[in-house]
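J.: Under full-length UniProt numbering, residues 1 to 80 are what the sequence shown spells out, in order.
Here a beta-carbon is modelled for each residue, glycine too, at the ideal position from N, C-alpha and C.
Model, not experiment: these values are computed from the prediction.
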Amino acid sequence: MKCSLLSVIITPEEVYVKVSIFADYSNQWVAVKQDLSKVYYSGKTFSEVYNEIEKRYKKVDLMLMYVPPIDQFIAPHEYS
1 MKCSLLSVII
11 TPEEVYVKVS
21 IFADYSNQWV
31 AVKQDLSKVY
41 YSGKTFSEVY
51 NEIEKRYKKV
61 DLMLMYVPPI
71 DQFIAPHEYS
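1) Roughly how many angstroms lie between the CA atoms of K55 and A31, to the nearest whole one?
2) Within 10 angstroms of its Cβ, does Y66 collect 16 or more other Cβ (buried), or is it exposed?
3) CA-CA distance, Y25 and K59?
4) With 16 other CB atoms within 10 Å as the buried threshold, where does I70 fall?
5) Going by beta-carbon coordinates alone, are Y50 and L64 separated by less than 8 Å?
6) Do S20 and W29 have their beta-carbon atoms positioned less than 8 Å apart in this structure?
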């Protein structure tokens with residue numbers, strides 16, 4: 001199984017559809033298909049998700065990503 005931590009570039013038209021699959025995974029790590037069409041596994045830690053997909057999905061090309069808290073704003077932080 002290949003596991004990628006690279007970001008995926010999507011067009012503005014695809015954003016709503018793609019983001020909607022993550023609504024139930026707020027503040028969790030997820031293993032998703034490269035095209036962001038399906039979530040295969042989710043968990044609270046990177047290690048938990050990585051170890052589980054290594055066992056279950058060796059032949060599926062998945063990407064691991066963090067879904068930030070949906071009910072909070074994410075803004076840049078200014079360092080001094």
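T.: According to the structure data:
1) If I take the Cα positions, the gap works out to 13 Å.
2) Y66 should be labelled exposed.
3) Here the alpha carbon of Y25 sits roughly 24 Å from the alpha carbon of K59.
4) exposed
5) yes
6) It is not a contact, given that the beta carbons lie outside the stated cut-off.
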